[in-house]
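Visitor: Residue numbers (this note's numbering), protein chains in the order written: chain A, 2 to 295; chain B, 30 to 389.
Supplied in structure tokens, the structure appears directly below.
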Ligand SMILES: Nc1ncnc2c1ncn2[C@@H]1O[C@H](COP(=O)(O)OP(=O)(O)OP(=O)(O)O)[C@@H](O)[C@H]1O
Ligand SMILES: [Mg+2]
């Protein structure tokens with residue numbers, strides 16, 4: 002027994018080796034993150050503090066505070082993101098619920114249909130909406146021909162079009178986590194609730210809904226954050242009337258070649274997003290802790 | 030929970046449920062007496078859960094009638110049936126604390142906070158979990174979860190309690206203890222209880238009566254002792270306890286096995302084919318021919334040491350093999366016959382049971 006010290010040192014070395022190997026597996030990804038995330042973001046911060054004369058200055062941020070148009074852009078961005086998220090919830094949650102109640106075979110089929118749009122490019126889908134919704138588009142022609150309305154309605158180059166396009170593109174990001182959360186809810190919970198005297202409606206609101214909220218929060222957060230930085234769809238379907246931060250960044254660079262201003266916008270958007278994520282994560286944890294009881 | 034809720038009898042008539050070509054329940058009729066502890070016992074897939082789900086209202090049968098007391102219930106929605114149910118995997122709500130779970134049915138019934146918390150405390154006390162109210166569900170052990178599920182299902186004083194293999198997830202020691210506790214609880218509360226298990230020992234330990242189920246049919250409904258000592262058919266005899274069956278023939282008033290006319294106390298069933306049921310622990314190794322014993326000559330083929338008992342296999346002259354189980358004490362084991370020895374097996378007339386043969 003004593004001669005080998007029960008291999009304590011050797012076992013410890015094995016443990017250490019294993020950890021290093023694990024770290025080795027992760028290192029390419031770490032390197033990638035460093036190269037394509039940390040360095041560029043650092044550069045972004047740096048550039049945002051460079052004024053027009055090439056020296057350190059806060060003018061990019063001062064301009065943002067001073068000019069009304071900037072705050073309007075931020076408000077629009079949040080408005081569009083919130084509305085899109087809300088619409089995605091209203092449309093996606095019931096759909097996910099429906100899917101979660103289907104037998105697995107049919108549910109998988111539905112899931113494929115939900116994921117189908119991912120197979121075509123964002124740009125194609127956005128322009129498809131333009132074709133469908135414009136003044137002489139399919140929707141207007143068809144509605145007028147069957148007498149739903151007389152004058153072509155304005156669906157694109159405004160907020161409506163932007164929202165239609167964005168909701169369509171964002172919907173899968175909401176449905177997937179919500180559906181996942183719902184699938185993992187044991188069907189016996191609902192049976193137990195109803196056995197204990199809950200009507201189907203009560204059972205849904207007291208048991209099913211609370212258990213699906215982690216998925217709902219995750220999905221909503223994902224949609225909201227993706228919306229904040231969205232460019233293509235609002236640019237095409239908003240027709241210049243819906244200006245979001247991303248579009249302002251592009252115009253700063255393409256029209257005014259002002260990298261400092263564009264970077265400052267990017268930094269503010271990034272910081273706001275991080276703050277929202279941070280608040281949301283606090284909120285989620287609280288939710289899990291206080292979810293029971295009352 | 031001081032005074033017993035009034036228990037209700039359950040009347041099941043002609044309940045049939047098919048899944049495609051499978052008869053999960055095949056024209057089942059059953060009476061559960063008020064306040065009785067009745068167990069549904071049967072092999073996997075025999076329809077026990079389906080029957081329980083029909084009682085709880087989660088499975089809609091093809092036809093049949095179900096009464097709680099005088100009230101027809103077959104088309105009543107589950108949440109209006111007022112029966113308590115303990116699920117196999119407990120189905121405790123993970124987003125609520127222990128007290129939240131137990132108080133759930135009371136909140137649905139709009140009970141005042143003060144009264145509800147009194148009831149929750151008493152229910153938790155009853156299952157010996159006082160002081161666990163604020164725990165979350167994932168902080169509980171399997172046995173504790175089982176108790177919480179039980180407390181939740183009795184806190185609203187249902188007059189009928191259903192349990193689907195509530196102990197199957199527990200280890201053997203805990204299971205044995207919970208069996209006794211459930212039995213005591215039933216005596217205390219007195220609600221009509223339908224219990225599902227596929228563990229025959231559990232059924233024998235706990236039940237007032239047992240319904241043995243196979244292929245969606247009730248094979249026999251009787252007290253544990255009747256079921257064990259006087260099974261009505263080979264399936265029941267085989268399913269409960271170990272047994273060997275020897276083909277026997279009617280001979281005038283009596284019954285003959287080979288050349289031996291059997292002495293017996295019990296009546297012989299009225300069927301075309303008959304079988305002698307032999308339980309290993311009822312057979313003895315004998316010398317000579319003691320009074321009141323049926324004697325069978327055999328040769329030992331195998332002897333197994335099993336700790337508290339021995340198991341001896343012996344071949345009869347016609348080739349049938351019979352197991353004999355006996356207690357080991359004072360060095361019995363070393364005095365037992367060896368493999369190849371000729372032995373006499375004695376079966377007392379009180380233990381000689383003739384049942385309907387297979388295919389009768
Ligand atoms: N939803 C269903 N769809 C199809 N067949 C079913 C369904 N539920 C039960 N069955 C079938 O009905 C029969 C009875 O099933 P049941 O669950 O009642 O058996 P059980 O006695 O509870 O078995 P176990 O001891 O394994 O729980 C089985 O053959 C089963 O395959
Ligand atoms: Mg079952």
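Built from N, CA and C at the ideal position, the CB exists for glycine as well.
Have a look at residue 322 (chain B) and residue 284 (chain B) and give me their C-alpha separation to the nearest angstrom.
Guide: Locating residue 322 (chain B) in the second chain gives position 293, where the first residue counts as 1. Locating residue 284 (chain B) in the second chain gives position 255, where the first residue counts as 1. When rounded, the distance between both Cα atoms is 15 Å.
Visitor: Please indicate yes or no: does the CB of residue 227 (chain B) lie closer than 7 Å to some heavy atom of ligand 1?
Guide: As a first step, residue 227 (chain B) must be located in the second chain, where it is residue number 198. It does: the Cβ of residue 227 (chain B) is within 7 Å (strictly closer) of some heavy atom of ligand 1.
Visitor: Please list, in chain order, all residues of the same chain as residue 276 (chain B) whose beta carbon is under 7 Å from its beta carbon, the five residues on each side excluded.
Guide: Walking along the second chain from the start, residue 276 (chain B) turns up at place 247. Answer for residue 276 (chain B): 304 and 386, listed in chain order.
Visitor: Can we count residue 251 (chain A) as close to ligand 1, meaning its CB is less than 7 Å from some heavy atom?
Guide: By 1-based counting over the first chain, the position of residue 251 (chain A) is 250. False, no ligand heavy atom lies under 7 Å from that Cβ.
Visitor: May I ask whether a heavy atom of ligand 2 can be found less than 7 Å away from the beta carbon of residue 192 (chain A)?
Guide: Along the first chain, one-based indexing puts residue 192 (chain A) at 191. Result no, Cβ not under 7 Å from ligand 2.
Visitor: So residue 308 (chain A) contacts chain B; which residues on that side make the cut at Cβ distance below 9 Å?
Guide: Here chain A covers residues 2 to 295 and nothing more, so residue 308 (chain A) does not appear.
Visitor: At 3 residues or longer, and completely inside the stretch 244 to 275 of chain B: list those beta strand (DSSP E) runs for me, N to C.
Guide: The stretch 244 to 275 of chain B contains these whole beta strand (DSSP E) runs: 246 to 251.
Visitor: Under three-state DSSP, which class holds residue 294 (chain B)?
Guide: The residue labelled residue 294 (chain B) in the question sits at position 265 within the second chain. Correct three-state label for residue 294 (chain B): coil.
Visitor: Just the residues with CB closer than 6 Å to a heavy atom of ligand 1, in chain order, which are they?
Guide: Output, sorted by chain position: B:48, B:51, B:53, B:71, B:73, B:74, B:75, B:76, B:77, B:78, B:79 and B:227.
Visitor: Compare the beta carbon distance of residue 73 (chain B) and residue 115 (chain B) with 8 Å and say whether it is the shorter of the two.
Guide: Translated into the one-based positions of the second chain, residue 73 (chain B) becomes position 44. Translated into the one-based positions of the second chain, residue 115 (chain B) becomes position 86. Going by C-beta atoms, residue 73 (chain B) is not nearer than 8 Å to residue 115 (chain B).
Visitor: So with Cβ pairs under 8 Å, would you call residue 211 (chain A) a contact of chain B?
Guide: Residue numbering aside, residue 211 (chain A) sits at position 210 when the first chain is read from its first letter. Chain B contact via Cβ: present.
Visitor: Give a yes or no on whether 8 Å exceeds the smallest Cβ distance from residue 227 (chain B) to chain A.
Guide: Counted from its first residue, the second chain places residue 227 (chain B) at position 198. Cβ-Cβ to chain A under 8 Å: no for residue 227 (chain B).
Visitor: Kindly say whether residue 187 (chain A), judged by its beta-carbon, lies nearer than 8 Å to any beta-carbon of chain B.
Guide: Here the question's residue 187 (chain A) lines up with position 186 in the first chain. Taking Cβ atoms only, chain B reaches closer than 8 Å to residue 187 (chain A), which makes this a yes.
Visitor: What residue does the alpha helix (DSSP H) around residue 24 (chain A) start on, and which one ends it?
Guide: Stepping through the first chain from its first residue, residue 24 (chain A) is reached at position 23. Here the alpha helix (DSSP H) through residue 24 (chain A) covers 9 to 34.
Visitor: Going by beta-carbon coordinates alone, are residue 295 (chain B) and residue 259 (chain B) separated by less than 8 Å?
Guide: Numbered from 1 along the second chain, position 266 holds the residue referred to as residue 295 (chain B). Numbered from 1 along the second chain, position 230 holds the residue referred to as residue 259 (chain B). Taking 8 Å as the Cβ cut-off, residue 295 (chain B) and residue 259 (chain B) qualify as a contacting pair.
Visitor: Hey, how far is the Cα of residue 195 (chain B) from the Cα of residue 125 (chain B)?
Guide: Walking along the second chain from the start, residue 195 (chain B) turns up at place 166. Walking along the second chain from the start, residue 125 (chain B) turns up at place 96. When rounded, the distance between both Cα atoms is 21 Å.
Visitor: Under the three-state reduction of DSSP, which class applies to residue 289 (chain B): helix, strand or coil?
Guide: As a first step, residue 289 (chain B) must be located in the second chain, where it is residue number 260. Three-state DSSP puts residue 289 (chain B) in a strand.
Visitor: Helix, strand or coil: how does DSSP classify residue 47 (chain B) here?
Guide: If you number the second chain from 1, residue 47 (chain B) lands on position 18. Strand, per DSSP.
Visitor: Spatial neighbours of residue 40 (chain A) within its chain, please: C-beta separation below 7 Å, excluding the five flanking residues on both sides.
Guide: Taking the first chain and counting its residues from 1, the one referred to as residue 40 (chain A) is at position 39. Correct list: empty, nothing qualifies.
Visitor: Any beta-carbon of chain A closer than 8 Å to the one on residue 188 (chain B)?
Guide: Taking the first residue of the second chain as position 1, residue 188 (chain B) is located at position 159. Not one chain A Cβ lies under 8 Å of residue 188 (chain B).
Visitor: For my contact list, residue 115 (chain A) and residue 173 (chain A) are in at a C-beta cut-off of 8 Å; report their separation, rounded to the angstrom.
Guide: Counted from its first residue, the first chain places residue 115 (chain A) at position 114. Counted from its first residue, the first chain places residue 173 (chain A) at position 172. That belief holds up - the Cβ atoms of residue 115 (chain A) and residue 173 (chain A) are roughly 5 Å apart, short of 8 Å.
Visitor: Flag residue 203 (chain A) as yes if its beta-carbon sits less than 8 Å from any beta-carbon of chain B, otherwise no.
Guide: For this step, residue 203 (chain A) is matched to residue 202 along the first chain. Taking Cβ atoms only, chain B reaches closer than 8 Å to residue 203 (chain A), which makes this a yes.
Visitor: Please classify residue 72 (chain A): is it buried, with 16 or more other beta-carbons within 10 angstroms of its beta-carbon, or exposed?
Guide: To locate residue 72 (chain A), count along the first chain from 1; it is residue 71. Exposed, since its Cβ has fewer than 16 Cβ neighbours within 10 Å.
Visitor: Residues of chain A with CB closer than 9 Å to the CB of residue 181 (chain B), please, in chain order.
Guide: The residue you call residue 181 (chain B) lines up with position 152 of the second chain. Simply 193 and 197.
Visitor: Using the Cα positions of residue 9 (chain A) and residue 26 (chain A), report the straight-line distance between them to the nearest angstrom.
Guide: One-based indexing of the first chain puts residue 9 (chain A) at position 8. One-based indexing of the first chain puts residue 26 (chain A) at position 25. So the two alpha carbons sit approximately 26 Å from each other.
Visitor: For residue 120 (chain B) and chain A, any beta-carbon pair shorter than 8 Å?
Guide: Numbered from 1 along the second chain, position 91 holds the residue referred to as residue 120 (chain B). Yes, because at least one Cβ of chain A sits closer than 8 Å to the Cβ of residue 120 (chain B).
Visitor: So with Cβ pairs under 8 Å, would you call residue 208 (chain A) a contact of chain B?
Guide: Residue mapping note: residue 208 (chain A) aligns to position 207 of the first chain, counting from 1. So, interface residue.
Visitor: Which complete alpha helix (DSSP H) runs does the stretch 162 to 213 of chain A hold, if anything under 4 residues is left out?
Guide: Those alpha helix (DSSP H) runs which fall completely within the stretch 162 to 213 of chain A and span 4+ residues are 188 to 196 and 201 to 204.
Visitor: Which first and last residues belong to the alpha helix (DSSP H) in which residue 82 (chain B) is found?
Guide: Your numbering for residue 82 (chain B) matches position 53 in the second chain. From DSSP, the alpha helix (DSSP H) with residue 82 (chain B) extends over 77 to 85.
Visitor: For the alpha helix (DSSP H) containing residue 54 (chain A), list its first residue and its last residue.
Guide: If you number the first chain from 1, residue 54 (chain A) lands on position 53. Careful: residue 54 (chain A) lies outside any alpha helix (DSSP H) and carries neither H nor E.
Visitor: Residue 361 (chain B) lies in the alpha helix (DSSP H); which residues open and close that run?
Guide: In the second chain, residue 361 (chain B) corresponds to position 332, counting from 1. It spans 361 to 364 - the alpha helix (DSSP H) in which residue 361 (chain B) sits, taken as one unbroken run.
Visitor: For residue 206 (chain A), count neighbouring Cβ atoms within 10 angstroms of its own Cβ and tell me buried if that reaches 16, exposed if not.
Guide: For the purposes of this step, residue 206 (chain A) is taken as residue 205 along the first chain, with counting starting at 1. It is exposed - the Cβ of residue 206 (chain A) has fewer than 16 other Cβ atoms within 10 Å.
Visitor: Would you call the stretch 98 to 110 of chain A in contact with the stretch 120 to 140 of chain A, where contact means no fewer than 3 C-beta pairs closer than 8 Å?
Guide: The answer is no - the stretch 120 to 140 of chain A does not touch the stretch 98 to 110 of chain A, with fewer than three Cβ pairs under 8 Å.
Visitor: For a cutoff of 8 Å on Cβ pairs, would you count residue 215 (chain B) as touching chain A?
Guide: Working through the second chain from its first residue, we reach residue 215 (chain B) at position 186. With 8 Å as the cut-off, residue 215 (chain B) does not count as an interface residue toward chain A.
Visitor: What in chain A is Cβ-close to residue 137 (chain B), meaning under 7 Å?
Guide: By 1-based counting over the second chain, the position of residue 137 (chain B) is 108. Ordered by position in chain A, the residues that pass the 7 Å Cβ test against residue 137 (chain B) are 197, 198, 199 and 203.
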